[in-house]
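> The structure that follows is given in the form of C-alpha cells.
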Amino acid sequence: MNNLFVTLMRLAQLQNQTVDRLVLQSACEEATETESNIHKVIEFILASLQLPKARWLNANAVDESQLPVLVRTSDERWGIVRGRNAQGLWVLDFWNSEAGRFIEESWRDLDSFDLAKLVLAKPFETGRSP
Numbered sequence: 058m059n060n061l062f063v064t065l066m067r068l069a070q071l072q073n074q075t076v077d078r079l080v081l082q083s084a085c086e087e088a089t090e091t092e093s094n095i096h097k098v099i100e101f102i103l104a105s106l107q108l109p110k111a112r113w114l115n116a117n118a119v120d121e122s123q124l125p126v127l128v129r130t131s132d133e134r135w136g137i138v139r140g141r142n143a144q145g146l147w148v149l150d151f152w153n154s155e156a157g158r159f160i161e162e163s164w165r166d167l168d169s170f171d172l173a174k175l176v177l178a179k180p181f182e183t184g185r186s187p
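Mapping of the sequence shown onto my numbering: residues 58 to 187, in sequence order.
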C-alpha cells in the first residue's frame with residue numbers, strides 16, 4: 058500500500074474531513090510513479106481531487122495553530138506533524154507498513170523536512186453545495 062495514500066487518509070481523519078478513497082488512492086499511485094519532485098506530487102494529487110493548492114511552510118516558522126501538516130523527511134518518508142510534547146519536541150506520525158499502524162516519533166527540529174498545509178475537503182460553493 059502506498060505510504061502517501063495512508064498518510065493523506067490519516068491527515069484527513071485528523072482534520073475531520075472526508076475524501077474519496079478510490080480517487081485519492083489512484084491519484085497517489087499515479088503521482089508517485091510519474092513525479093519525483095514532491096511539490097509536483099502533491100500538486101497533482103490535489104488537482105486530481107479538485108482541492109485547493111497546498112501551502113508550503115517554512116520549517117523554522119511553523120505555528121502550532123496550523124497543525125496537523127503533511128511532512129516529507131530527508132530520507133523520503135511521508136508523515137504528519139501533530140504538535141509538540143511537554144519537552145518541546147515535535148510529535149510526528151509515520152506509517153509503519155510492517156506493523157500496519159502509525160508510529161509516533163519525536164524530533165527536536167523540522168529543519169530538514171518539507172512541510173505542507175493541505176485542506177482535503179472541497180471548498181463550500183453556495184450554488185453547488187447541498
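C-beta: ideal position from N, C-alpha, C; glycine also.
(1) If we ignore side chains and look at the alpha-carbon of each, how far apart do Val128 and Phe170 end up?
(2) Could you tell me how far apart the beta carbons of Leu71 and Ile160 are, in whole angstroms, since I believe they sit closer than 8 angstroms?
(3) Write down the C-beta distance between Leu146 and Ala69 rounded to the nearest angstrom, noting that I regard them as a contact closer than 8 angstroms.
(4) In angstroms with no decimal places, state the Cα-to-Cα distance between Arg141 and Arg165.
(5) Based on Cα-Cα distance, which residue from Asp120, Ala84, Thr75, Arg112 lies nearest to Asn60?
(6) Please check the pair Phe116 and Asp168, which I expect to be a contact at CB under 8 angstroms, by giving their CB distance rounded to whole angstroms.
(7) Using CA coordinates, which residue listed in Val76, Arg67, Ser163, Glu162 is at the minimum distance from Gln107?
(8) Would you identify the three-state DSSP class for Arg158, choosing helix, strand or coil?
(9) To the nearest angstrom, report how far apart Lys179 and Arg112 are at their CA atoms.
This is what the structure holds:
(1) Within the sequence shown, residue 128 is the residue found at index 71, counting from 1. Within the sequence shown, residue 170 is the residue found at index 113, counting from 1. Cα-Cα distance, rounded: 6 angstroms.
(2) By 1-based counting over the sequence shown, the position of residue 71 is 14. By 1-based counting over the sequence shown, the position of residue 160 is 103. Contact doesn't hold; Cβ gap of about 15 angstroms is too wide.
(3) Sequence index remark: in the sequence shown, residue 146 carries index 89 (1-based). Sequence index remark: in the sequence shown, residue 69 carries index 12 (1-based). Actually they are not in contact, since the Cβ atoms of Leu146 and Ala69 sit about 25 angstroms apart, beyond 8 angstroms.
(4) As a working note, residue 141 is residue 84 in the sequence shown. As a working note, residue 165 is residue 108 in the sequence shown. Each residue's alpha carbon lies about 10 angstroms from the other.
(5) For the purposes of this step, residue 60 is identified with residue 3 of the sequence shown, where counting begins at 1. Cα-wise, what sits closest to Asn60 is Ala84.
(6) Taking the first residue of the sequence shown as 1, we reach residue 116 at position 59. Taking the first residue of the sequence shown as 1, we reach residue 168 at position 111. Note on identity: in this sequence residue 116 is Ala, with Phe being the wrong assignment. With a Cβ gap of about 5 angstroms, Ala116 and Asp168 count as contacting.
(7) Stepping through the sequence shown from its first residue, residue 107 is reached at position 50. Out of Val76, Arg67, Ser163, Glu162, Val76 has the C-alpha closest to the C-alpha of Gln107.
(8) Walking along the sequence shown from the start, residue 158 turns up at place 101. Looking at Arg158 - three-state DSSP - the assignment turns out to be strand.
(9) The residue labelled residue 179 in the question sits at position 122 within the sequence shown. The residue labelled residue 112 in the question sits at position 55 within the sequence shown. Straight-line Cα distance between these residues: approximately 15 angstroms.
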